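Novice:
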Amino acid sequence: MTDYLQGMLTGQPALPPQGENAVLFWREKGEGILELIPRTPRQPGSLIISAGIHGNETAPIEILNQLVTEILGGECVVAQRLLVIFGNPAAIRQGVRFVDYDMNRLFSGYRDKLPPCDESQRAAQLEQAVSEFRGQDPAQSVCWHLDLHTAIRGSLYPKFGLLPASPRPRNASFIDWLGRAGLEALVFHQAPGGTFSHFTCHTLAAESCTLELGKALPFGCNALADFDCARQALRARIGGDTETPATPDTPPRHFRVVRQLTRTGADFHLHMSDTTPNFTWFPPGTILSEEGGRSERVLHPEGERVLFPNPRVAYGQRAGLMLEEEL
Ligand SMILES: [Zn+2]
1 MTDYLQGMLT
11 GQPALPPQGE
21 NAVLFWREKG
31 EGILELIPRT
41 PRQPGSLIIS
51 AGIHGNETAP
61 IEILNQLVTE
71 ILGGECVVAQ
81 RLLVIFGNPA
91 AIRQGVRFVD
101 YDMNRLFSGY
111 RDKLPPCDES
121 QRAAQLEQAV
131 SEFRGQDPAQ
141 SVCWHLDLHT
151 AIRGSLYPKF
161 GLLPASPRPR
171 NASFIDWLGR
181 AGLEALVFHQ
191 APGGTFSHFT
201 CHTLAAESCT
211 LELGKALPFG
221 CNALADFDCA
231 RQALRARIGG
241 DTETPATPDT
251 PPRHFRVVRQ
261 LTRTGADFHL
271 HMSDTTPNFT
281 WFPPGTILSE
291 EGGRSERVLH
301 PEGERVLFPN
311 PRVAYGQRAG
321 LMLEEEL
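Residue numbering for the sequence shown follows full-length UniProt numbering, starting at 1 and increasing by one per position.
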């Protein structure tokens, strides 16, 4: 049994940097970046699956490693070109979210304003790896990027997806798959950002999503059964959509980001606590935050919901996103 993750964590590689078996070729394009190309692809297109962009989000890392073991052991068929990425090996080894800086803010040139650090170098390496992978698709056909995460805080919808602002219309089969993977809510960004999924969506014209699959726990403590639906859907997508889970009875709710709450100085006050769950609803007129004598209020007549509220961010950083539901 090949345990790719264990090899990466211990520095004793579980497989040679490149090789082949009866059904596929593999090549390691860098630490934690593994390309898997079927000898006879069943379908065109490319698939990128990443986990561990935040090093302490263990469940998706374990799920992805399990899939790699199944693929190399011949138990999971690869139907199309696949690139597997363990995002931040240094942080994964230390069991921390990041070593120097949150890597999911450092893509698409957002790192240029910061002094170079571990994460900015790794983000550049990942951008290069996915661009090469996409460029080597002979047909330049559809590319999906699924970036797997777990959230830090509680959430009224524990499993949800964040879709980058895209210049292209929404892709129905991609949205359908996200529902089958067990996501209960989909959040559509309206503005660019420094996330990995934004980079692949814009630069590679991929269908991209950041999947938040539940709460993060240490390695070995995750109830992987909670992630069965996502794992099954990933396995099905890798295998060419042969055994995709059924469409859920309740489709995911759709939300649009309407604005960002930003802390600009010391007297910023967010009118919600650290433990306010994601998607908490506030009625019209509610004061959300105050700073310098000005307040931000809920403007949408149907009310608004908050995502990632955090009053203690650095100046100039996001203290929360406000959402309105697409009905
Ligand atoms: Zn994350």
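Backbone N, C-alpha and C define an ideal beta-carbon position, used for all residues, glycine too.
Keep in mind it's a predicted model, so treat the numbers as computed, not measured.
Nearest to leucine 47 by CA position, among Cys76, Phe133, Val96, is which residue?
Specialist: Of the candidates Cys76, Phe133, Val96, the one whose C-alpha sits nearest the C-alpha of leucine 47 is Phe133.
Novice: Does the stretch 282-293 come close enough to the stretch 301-321 that 3 or more CB-CB pairs lie under 8 Å?
Specialist: Counting Cβ pairs under 8 Å, three or more are found: they touch.
Novice: Ligand 1: which residues have Cβ under 7 Å from any of its heavy atoms, chain order?
Specialist: In chain order, the hits are Ile53, His54, Glu57, Asn104, His149, Thr150.
Novice: Output needed for arginine 111: all residues of its chain with C-beta closer than 7 Å, excluding positions within five of it in sequence on either side, in chain order.
Specialist: These residues qualify, in order along the chain: Ser120, Ala123.
Novice: Hey, how far is the Cα of asparagine 56 from the Cα of phenylalanine 25?
Specialist: C-alpha separation (whole angstroms): 30 Å.
Novice: Going residue by residue through the stretch 106-171, where are the continuous beta strand (DSSP E) segments of at least 3 residues, counting only ones entirely within it?
Specialist: As far as the stretch 106-171 is concerned, its whole beta strand (DSSP E) runs of at least 3 residues are 143-151, 160-163.
Novice: Taking cysteine 117 and aspartate 100 to be in contact with their CB atoms under 8 Å, please state how far apart those CB atoms are, rounded to whole angstroms.
Specialist: That belief holds up - the Cβ atoms of cysteine 117 and aspartate 100 are roughly 4 Å apart, short of 8 Å.
Novice: How many angstroms separate the CA atom of serine 155 from the CA atom of glutamate 212?
Specialist: Near 10 Å, if we compare the C-alpha coordinates of glutamate 212 and serine 155.
Novice: Per DSSP, isoleucine 85 forms a beta bridge with which residues?
Specialist: Answer by DSSP bridge pairing, in chain order: Ile33, Ser50.
Novice: Between Val257, Asp147, Arg231, which lies nearest to methionine 209 when the distance is taken from Cα to Cα?
Specialist: Residue identity differs from the one stated: residue 209 is cysteine in this sequence, not methionine. Closest by alpha carbon: Asp147.
Novice: DSSP on glycine 179, reduced to helix/strand/coil?
Specialist: Helix at glycine 179.
Novice: Expressed to the nearest angstrom, what Euclidean distance is found between the alpha-carbon atoms of arginine 305 and valine 77?
Specialist: If I take the Cα positions, the gap works out to 41 Å.
Novice: For the beta strand (DSSP E) holding glycine 320, just list the boundary residues, first then last.
Specialist: Unbroken beta strand (DSSP E) run through glycine 320: 317-325.
Novice: On the DSSP letters alone, give me the boundaries of the alpha helix (DSSP H) that phenylalanine 268 sits inside.
Specialist: Premise fails: phenylalanine 268 is in no alpha helix (DSSP H) and is neither H nor E.
Novice: By Cβ distance below 8 Å, which residues in the same chain neighbour glutamine 94 in space, the five residues on each side in sequence not counted?
Specialist: Only Gly55 meet the Cβ criterion.
Novice: Helix, strand or coil for serine 289, going by three-state DSSP, please let me know.
Specialist: Looking at serine 289 - three-state DSSP - the assignment turns out to be strand.
Novice: Roughly how many angstroms separate the alpha carbons of aspartate 249 and leucine 114, rounded to a whole number?
Specialist: Each residue's Cα considered, the two are about 46 Å apart.
Novice: Does asparagine 21 pass the burial test, meaning 16 or more other C-beta atoms within 10 Å, or should it be called exposed?
Specialist: Exposed, because fewer than 16 other Cβ atoms sit within 10 Å of the Cβ of asparagine 21.
Novice: Could you have a look at valine 258 and say whether DSSP puts it in helix, strand or coil?
Specialist: In this structure, valine 258 counts as strand in the three-state DSSP scheme.
Novice: Is histidine 191 near alanine 165, with beta carbons less than 7 Å apart?
Specialist: Note on residue identity: the sequence assigns alanine, not histidine, to residue 191. Cβ atoms of alanine 191 and alanine 165: closer than 7 Å.
Novice: Could you say if the stretch 240-259 and the stretch 168-183 meet the contact criterion of at least three C-beta pairs nearer than 8 Å?
Specialist: Enough Cβ pairs lie closer than 8 Å, so yes.
Novice: Exposed or buried, proline 252, counting other C-beta atoms within 10 Å across all chains shown (16 or more means buried)?
Specialist: Buried, because 16 or more other Cβ atoms sit within 10 Å of the Cβ of proline 252.
Novice: Helix, strand or coil: which one does DSSP assign to glutamine 232?
Specialist: DSSP places glutamine 232 in helix when its eight states are reduced to three.
Novice: Drop a sphere of 10 angstroms on the beta-carbon of histidine 269, count the other beta-carbons inside from all chains shown, and report buried for 16 or more, exposed for fewer.
Specialist: By the neighbour-count rule (16 or more Cβ atoms within 10 Å), histidine 269 is not buried but exposed.
Novice: Taking 7 Å as the limit between beta carbons, can you name the residues of its chain near aspartate 267, skipping five residues before and five after?
Specialist: Only Glu291, Gly292 meet the Cβ criterion.
Novice: Which residues in the same chain as proline 89 place their Cβ atom closer than 7 Å to its Cβ, once the five residues preceding and following it in sequence are excluded?
Specialist: Cβ neighbours of proline 89 beyond the five flanking positions: Met8, Glu31, Gly32.
Novice: Measure the CB-CB distance between alanine 185 and phenylalanine 160 and report whether it falls below 7 Å.
Specialist: Their beta carbons are under 7 Å apart, which means alanine 185 touches phenylalanine 160 by this criterion.
Novice: For phenylalanine 199, which of helix, strand or coil comes out of DSSP?
Specialist: Phenylalanine 199 falls in the helix class under three-state DSSP.
Novice: Mind checking which residues open and close the alpha helix (DSSP H) that includes valine 68?
Specialist: 58-72 is the extent of the alpha helix (DSSP H) around valine 68.
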